[in-house]
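**Student:** So that you can map any letter, position 592 of the sequence shown is 592 in the UniProt record's numbering, and since no number is skipped, the others follow by simple counting.
For each residue, glycine too, the CB sits at the ideal point set by N, CA and C.
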Amino acid sequence: MPDHCSDPAGNKNTDHTGAPPSDAPVYMGLPDARVLLPRFWVALALTLPVLVLSMGEMIAPAFFHRLFAGAPAALNGWLQFALTTPVFFWCGKFFIRRWWRSIRERDTNMFTLTVTGTGAAYVYSTAALLLGDALPPSFQTAHGVPLYFEGAAVITTLVLLGQIIEQRAHARTDAAIRALMALAPATAHLVHADGGEEDVPLETIQPGDTLRVRPGEKVPVDGAIVSGASAVNESMLTGEPVPVEKKAGDAVSAGTLNTTGAFLFRATRVGRDTLLAQIIRLVEEAQETDAPIARLADRVSAVFVPAVLGVSALSFVLWLVLGPAPAFAHALLSAVAVLIIACPCALGLATPVALVTGIGRGAQAGVLVKDAAALERLSSARTLLIDKTGTLTEGRPALTGIVPAPGCDLAEDELLRLAAAAEAPSEHPLARAITGAAKARGLALPPAENFAAAPGAGVTAIVSGKQIQLTRAEEGGAERRPAGGAPASQDSATLVALLIDGRHAATLALSDTVKPTTPAAIAELHRLGLRVVMVTGDREGAARAIAGPLGIDAVHAGATPASKQQLVRGHQARGETVIFAGDGLNDAPALAAADVSIAMGAGTDVAMASAGLVLVRGDLRGIVKAIHLSRATLRSIRQNLFLAFFYNSLGIPLAAGLLYPVFGWQLNPMFAAAAMSLSSLSVVGNSLRLRRMRL
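1) Between Glu412, Tyr122, Ala632, which has its C-alpha nearest arginine 441's C-alpha?
2) Exposed or buried, phenylalanine 149, counting other C-beta atoms within 10 Å across all chains shown (16 or more means buried)?
3) DSSP state of valine 226, grouped into three classes?
4) Please classify histidine 416: does DSSP put it in a helix, a strand, or coil?
5) If contact is defined by three or more beta carbon pairs under 8 Å, each pair taking one atom from either stretch, is the segment 388-399 in contact with the segment 359-378?
6) Would leucine 130 be called buried (16 or more neighbouring beta carbons within 10 Å of its own) or exposed?
7) Nearest to alanine 448 by alpha carbon, out of Ala438, Ala424, Pro429, Thr435?
8) Could you tell me if asparagine 450 is buried or exposed, where buried requires 16 or more neighbouring beta carbons within 10 angstroms of its beta carbon?
9) Name the residue from Leu355, Phe88, Asp209, Gly465 whose alpha carbon lies nearest to the alpha carbon of aspartate 194.
10) Check whether the segment 400-417 touches the segment 504-521, taking contact to mean three or more Cβ pairs, one atom from each stretch, closer than 8 Å.
11) Report all residues from its chain with a CB closer than 7 Å to the CB of alanine 248; omit the five preceding and five following residues, and keep chain order.
12) With a Cβ-Cβ cutoff of 8 Å, do glutamine 206 and alanine 277 count as a contact?
13) Whose C-alpha, out of Ala254, Arg689, Glu217, Gly117, is nearest the C-alpha of threonine 260?
14) Pop quiz: threonine 126 and phenylalanine 81 are said to be a contact at Cβ under 8 Å. What is the actual Cβ separation, rounded to whole angstroms?
15) What are the start and end residues of each continuous alpha helix (DSSP H) run of 4 or more residues lying completely inside the segment 335-391, in chain order?
16) Going by the beta-carbon positions, is the gap between lysine 625 and leucine 525 smaller than 8 Å?
17) Near leucine 51, which residues of its chain fall below 6 Å by C-beta distance, leaving aside the five closest residues on each side in sequence?
18) DSSP has glutamate 198 in a bridge; who is on the other side?
19) Do you know how far the Cα of alanine 453 is from the Cα of alanine 478?
20) For leucine 206, name the three-state secondary structure that DSSP assigns.
21) Can you have a look at glutamine 565 and say buried or exposed, based on whether 16 or more other CB atoms are within 10 angstroms of its CB?
22) Give the C-beta separation of alanine 152 and threonine 84 to the nearest angstrom, bearing in mind that I take them to be a contact with Cβ-Cβ under 8 Å.
23) Mind checking who phenylalanine 265 pairs with in its DSSP beta bridge?
24) Would you list, in sequence order, the uninterrupted beta strand (DSSP E) runs of no fewer than 3 residues that lie entirely inside the segment 543-625?
25) Figure out for me which residue from Asp553, Lys246, Leu495, Thr518 has the closest Cα to the Cα of leucine 430.
26) Would you call the segment 627-644 in contact with the segment 543-563, where contact means no fewer than 3 C-beta pairs closer than 8 Å?
27) Between the segment 154-162 and the segment 348-366, can you find at least three pairs of beta-carbon atoms closer than 8 Å?
28) Look at the alpha carbon of alanine 120 and the alpha carbon of valine 367, and state the distance between them as a whole number of angstroms.
29) Do you know how far the Cα of valine 242 is from the Cα of valine 252?
30) With DSSP as the reference, label arginine 101 as helix, strand or coil.
31) For the candidate residues Val87, Gly117, Arg621, whose alpha-carbon lies nearest to that of proline 306?
32) Does the distance from the CB of threonine 383 to the CB of arginine 531 come in under 8 Å?
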């Protein structure tokens, strides 16, 4: 029997929160952000004074001369050494491990390039600090041999920040799974054969047990009603806001919410066999099969790193064999200069600075980016699968029409006033829509007497001396006229019959209305080259009634959480990069499987936890803004990578001694560091342009 206290899906390898151990690898072989974050703060605290010590003399020389007056000449260097050493070895511990793994497995990547470059800067600076007098005079300055501790410290700190952002993004599914697990109640009301009742832990429930569910409670396991009736909110499965009327023989699912009546049901599926547990497994499997993004910097590094190491080794050999005396010192410094000028400061900044700037600009525009890699994938996506309820529409029913019955001479406002007064004590979503419409018209509601609500039969009450009854109407009735004057599709509305003193007085039409911003947003998405596909749990007629006027390219109605995910997989199998946008719990598996997942800000916690991007305002125009942001950010990253490699392509041959045979000139590591700094400034300046872009 599954241990529900561990996981409704039957998994027992997590703690009580469902989270993995913090030291377990999460992404790229690195631990959880909770492990990296303290190391980042230590690195930041130590790197800032290193920057001051290394750059201060250029910025405020008079102040520094007074500060170090009378101190040993090497004091500044030893302070930088003392501050940089814990940054490089302790804060960058996991990067060094990943670097060694890449060397051992011959799998070069950004960590290979980063640690090789920072390691060269650190080792050279330490050697120069210890053996500065042994270096050739050409490498000496008025202040001694130049040191590059700040490069090692700054790059390690920046890479830590970038990895924390990535680790948090790749751990987001854990939060979605914990939210899903919380949907099932911890106990159930077990009814014995003699009629006795007791509360028991959920993991003790067996198929065939009879359980009771009271109003306001969640259904504990899957089953079928044996007695009683109620309206059950199944929005977690279908996304539709209107509760479904249930009676004897109807199926109910774990995690759904009973809204009105009480009922008894017989358990049919428990533990990992319930629909809720299956949804949890779908989310888990989607995360496990979602391969890490093949980052452009890593693809380039696979070629660039071996080339740099080869050039460095070749320059060392050539200087050692052919160079002037002292040959070994010239060979060593040439090899180190190649590594320093190739040190990936600009390359390391190219992606994270552009992403961080883009993420900040998106936040200003109401687009919260939880997964930085989602911005890269979004730029190339051409297929948008989008939920209907709460995404294209408002996500709640609204009164769209009142049609008086033949022979009824009461005005629309009077009919609405009587209906709203009778519904005022009810908490049903349709009742709130009717009372909301009355309030919007400024109608004063008289008190309702003898109010009664019966599941499946509607409500009854005495209003102004009249017997009022509202009940679900047949959908094949007469033609309706909506309040706004435009025709309303019968398929898209829920019909409620209003009876006064036992006679049919009017039919009220209620439906989920399209958000005012949706049509323009759909048109703009088409202009950007996206194919828009509606995926909804609603019935075919209601879905097409919404999709037709909006110009939606395709419609998939009656979709379950599993079929939504399968649809995503199907488009991906055809080589498409898929965006999925939704707001409901039933969208979580599809959100987890999509290349880019977008949740509406007004949606469920599970949807937002599963998504890589969240639209704060729940406005479809946010997807348009996100696409513009993504394309601009990727354009900036490519420009940054060009700038980074442009400086490298010029500097590496010079550092290797290409000009020495002609001009007798060898690149000093100090100039290599200056070129490295210039490339970094170019990258930062280019990235900051994103702050001014219009979305």
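**Tutor:** By the coordinates alone:
1) Of the candidates Glu412, Tyr122, Ala632, Glu412 places its Cα closest to the Cα of arginine 441.
2) Its Cβ being crowded by 16 or more others within 10 Å, phenylalanine 149 is buried.
3) Look at valine 226 here: in three-state DSSP terms it is strand.
4) The amino acid occupying residue 416 in the given sequence is leucine; histidine does not appear at that position. Helix at leucine 416.
5) No, they do not touch.
6) Exposure of leucine 130 is indicated by the presence of fewer than 16 other C-beta atoms within 10 angstroms of its C-beta.
7) Of Ala438, Ala424, Pro429, Thr435, the residue nearest in Cα terms is Ala424.
8) It counts as exposed.
9) Selected option, being the one with the closest Cα: Asp209.
10) Counting Cβ pairs under 8 Å, three or more are found: they touch.
11) Cβ within range, chain order: Ile225, Val226, Ser227.
12) Not a contact, by the Cβ cut-off of 8 Å.
13) Threonine 260 has its Cα closest to that of Glu217, out of Ala254, Arg689, Glu217, Gly117.
14) Rounded, the Cβ-Cβ distance is 6 Å, consistent with contact.
15) DSSP assignment within the segment 335-391 yields the following whole alpha helix (DSSP H) runs of 4 residues or more, N-terminal first: 345-364, 372-380.
16) Between lysine 625 and leucine 525, the C-beta spacing is not below 8 Å.
17) Contacts found: Glu150.
18) The secondary-structure analysis by DSSP pairs glutamate 198 across a beta bridge with Leu190.
19) Since pLDDT at alanine 478 reaches only 38, below the 50 mark, its modelled position is unreliable, and the value read off the structure follows with that caveat. For alanine 478 and alanine 453, the distance between alpha carbons rounds to 26 Å.
20) The sequence shown places glutamine at residue 206, rather than the leucine named in the question. It is coil, neither helix nor strand.
21) Buried, because 16 or more other Cβ atoms sit within 10 Å of the Cβ of glutamine 565.
22) With a contact defined as Cβ atoms closer than 8 Å, alanine 152 and threonine 84 qualify at about 6 Å.
23) Beta-bridge annotation (DSSP): phenylalanine 265 is paired with Leu211, Ile225.
24) The segment 543-625 contains these whole beta strand (DSSP E) runs: 554-556, 578-582, 596-600, 613-615.
25) When C-alpha distances from leucine 430 are compared across Asp553, Lys246, Leu495, Thr518, the shortest belongs to Leu495.
26) Cβ pair count under 8 Å is below three, so no.
27) When C-beta atoms of the segment 348-366 are compared with those of the segment 154-162, three or more pairs fall below 8 Å, so the two segments count as touching.
28) The alpha-carbon atoms of alanine 120 and valine 367 are separated by roughly 40 Å.
29) In this structure, the straight-line span from the alpha carbon of valine 252 to that of valine 242 is close to 15 Å.
30) Shown here, arginine 101 sits in a helix according to DSSP, grouped into three states.
31) Ranking Val87, Gly117, Arg621 by CA distance to the CA of proline 306 puts Gly117 first.
32) Result yes, Cβ atoms of threonine 383 and arginine 531 sit closer than 8 Å.
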